[in-house]
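One structure is given here, and the rest of the page talks about it.
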Amino acid sequence: MTYTFDNAGKPLTITQEGVTQPADYTFDNVNEFVHAVDTQYEDLEGLCLGMANHVEKLRVALKLAVQQFEAEINHHLPPYNPAYVVKQAKAALEILDDSCN
């Protein structure tokens, strides 16, 4: 596994088994990767498959977070507590953030 870093030491690309991909799937990194002069067709194939895998992980994490959220809301109703709903929504976002890394 080989990394390419920017001037600040942030990883830009990862090469594994001959396939190069962006280090993360932020728009800026993907856009720069796709439009780079040295990006090959095989790298774009790998990018598409990697992003599809990432989207699937996000879908699973979101589904789990929603199920947990619904179970907690149903358990705590009535009365309706907006602060609790906000707390659970933030917890769901943390699950999504963790699944992205």
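Here the sequence shown stands for residues 104 to 204, where the numbers follow my numbering.
Here a beta-carbon is modelled for each residue, glycine too, at the ideal position from N, C-alpha and C.
Annotated three-state conformation of residue 122 is strand, per DSSP. Counting every other CB atom within 10 Å of its CB across the protein chains shown gives residue 105 a total below 16, marking it as exposed.
By the C-beta density criterion, residue 186 is exposed, having fewer than 16 other C-beta atoms within 10 angstroms. Take the alpha-carbon of residue 140 and the one of residue 150: they are about 16 Å apart. Taking residue 122 as the centre and dropping the five residues before and after it, the same chain places the C-beta of 149 closer than 6 Å to its C-beta, in chain order. By the neighbour-count definition (other C-beta atoms within 10 Å, threshold 16), residue 170 is an exposed residue. Taking all protein chains shown into account, residue 116 has 16 or more neighbouring C-beta atoms within 10 Å of its C-beta and is therefore buried.
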